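To keep things clear, I will list the structure first and then write my remarks on it.
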Amino acid sequence: MDSYRSVDIRIGFFVKNHGDGDLFDGPMKILAHVFAPPTRFFHLDGEENWVADGKYLKEGMVDLESAAAHEIRHLLGLDSFEKEAIMFPTLEDGTRKVELSRDDTEGLQMLYGSNPNYNGSSTIYTPSRE
Ligand SMILES: [Zn+2]
């Protein structure tokens, strides 16, 4: 329990009234919310039809990674009203939105600066199996 108190972000699933004054509403509409530092809660509505693997995503289901990408960026201070941005305030059910738009990237760079070592490539590889 000590480690829970000292972490940077407390993440969990909650339903309806869960004691922080910001109620969840059951399936759809409100999916998750965060409380900015120093509180740093990241709460997900436990009554959503969450999907962790995007390939099973259908209408009526909510992509967990898309919601997490959005909310964690809120904790970093980001926001956006550009439709293709991860930070756009709504996420349609059955859709996945995890690719950073130009607006998402520029917002981060405005707040934290750009990475001087970034070479324009974002490729990631699995380890080779010999
Ligand atoms: Zn909450």
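For the sequence shown, position 36 (counting from the first letter as 1) is numbered 36 according to UniProt numbering, and the numbering increases by one without interruption. All C-beta atoms, glycine included, are put in the ideal place defined by N, C-alpha and C. Because the structure is a prediction, the values reported are computed rather than measured.
Query                                                                                                                                                     : Result
Measuring CB to CB, does residue 155 end up less than 7 Å from histidine 33?                                                                              : Only positions 1 to 130 of the chain appear in this structure, which leaves residue 155 out of reach.
Is isoleucine 86 buried or exposed, if buried means 16 or more other CB atoms sit within 10 Å of its CB?                                                  : buried
DSSP puts phenylalanine 41 in a beta bridge; with which residues?                                                                                         : Arg10 and Phe35
For aspartate 45 and glycine 54, I'd like the C-alpha separation in whole angstroms.                                                                      : 18 Å
Taking 7 Å as the cut-off, decide whether the C-beta atoms of aspartate 104 and valine 62 are in contact.                                                 : no
With H, G and I counted as helix, E and B as strand and the rest as coil, what does DSSP make of aspartate 53?                                            : coil
Under 7 Å Cβ to Cβ from histidine 70, same chain only, skipping five residues before and after it: list those, please.                                    : Ile86, Met87 and Leu91
What is the rounded straight-line gap between the Cα of proline 27 and the Cα of glutamate 82?                                                            : 25 Å
In three-state terms, what does DSSP make of aspartate 22?                                                                                                : coil
Could you tell me if glycine 107 is buried or exposed, where buried requires 16 or more neighbouring beta carbons within 10 angstroms of its beta carbon? : buried
What does aspartate 63 pair with, by DSSP beta-bridge criteria?                                                                                           : Val51
Would you say histidine 70 touches ligand 1, meaning its beta carbon is less than 6 Å from a heavy atom?                                                  : no
Is the beta carbon of glutamate 84 less than 7 Å from the beta carbon of serine 101?                                                                      : yes
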